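*Asks:* Residue numbers for the sequence shown follow this note's numbering, so the first one is 380 and each next one is one higher.
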Amino acid sequence: MSIMKRLLFITTLTTLLATGALFADTGLGAAFTYGYDNDNESMNSGGALTINTPAFPGTVQTIKLGFNGSDYINFNLSDDWWVIQENLTGLLDIYIGLGFNAGFTIDDDEWDINLGGRVPVGLTIKPIEYMEFFMEVAPTMGLGFEPEIYFPSWSVQGALGFRLWF
């Protein structure tokens with residue numbers, strides 16, 4: 380991993396942990412992420428930090444750092460509002476939301492910025508009071524800047540992870 384990738388990861392982790400420590404009743408977690416986009420027609424995977432905080436009731440913020448090979452890096456921020464959150468059966472809940480997405484990608488010395496909306500659909504299980512597991516798929520669409528503006532910039536993002544509640 381290059382120095383730039385390490386620095387970006389450490390900065391992201393520190394920022395999220397510092398922000399989460401300021402709030403009570405906060406869910407902090409991590410996830411394995413994957414995605415496909417039309418911009419570079421490739422899959423990218425990586426890690427994400429996720430926070431669910433009462434500072435923005437009903438919303439979940441995610442900071443993602445993705446990689447695909449040695450010359451590809453993607454930094455992504457999203458904020459989702461869970462419009463529907465229902466119990467399916469027992470411990471299994473479903474949610475459907477609306478949100479926004481902002482991403483920055485570097486691929487072989489080329490860069491791209493994406494801004495748009497997303498529709499996350501996910502399942503959660505909370506086997507104990509302080510631990511939640513989740514799986515999510517979120518189609519996104521918006522504008523891209525590479526360096527000229529283009530539309531549509533779309534992707535399908537996914538995550539599999541957990542949150543610990545404090």
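We treat Cβ as the ideally placed atom computed from N, Cα and C, and that holds for glycine. Computed from a predicted structure; not experimentally measured.
Based on the DSSP secondary-structure assignment, which residues constitute the bridge partners of K329?
*Replies:* Any property of residue 329 remains undetermined from this structure, which presents the chain solely from 380 to 545.
*Asks:* Closer than 8 angstroms is the cut-off here; do at least three beta carbon pairs connect the stretch 513-520 with the stretch 483-490?
*Replies:* no
*Asks:* Thinking C-alpha only, which one of T468, D459, D488 and G425 is nearest Y415?
*Replies:* G425
*Asks:* By the three-class DSSP mapping on this structure, what secondary structure does E515 have?
*Replies:* strand
*Asks:* Could you check the C-alpha separation between G523 and V439 for me, to the nearest Å?
*Replies:* Each residue's Cα considered, the two are about 23 angstroms apart.
*Asks:* Report the CB separation of S457 from G476 in whole angstroms; it is logged as a contact under 8 angstroms.
*Replies:* The Cβ separation is near 10 angstroms, so there is no contact.
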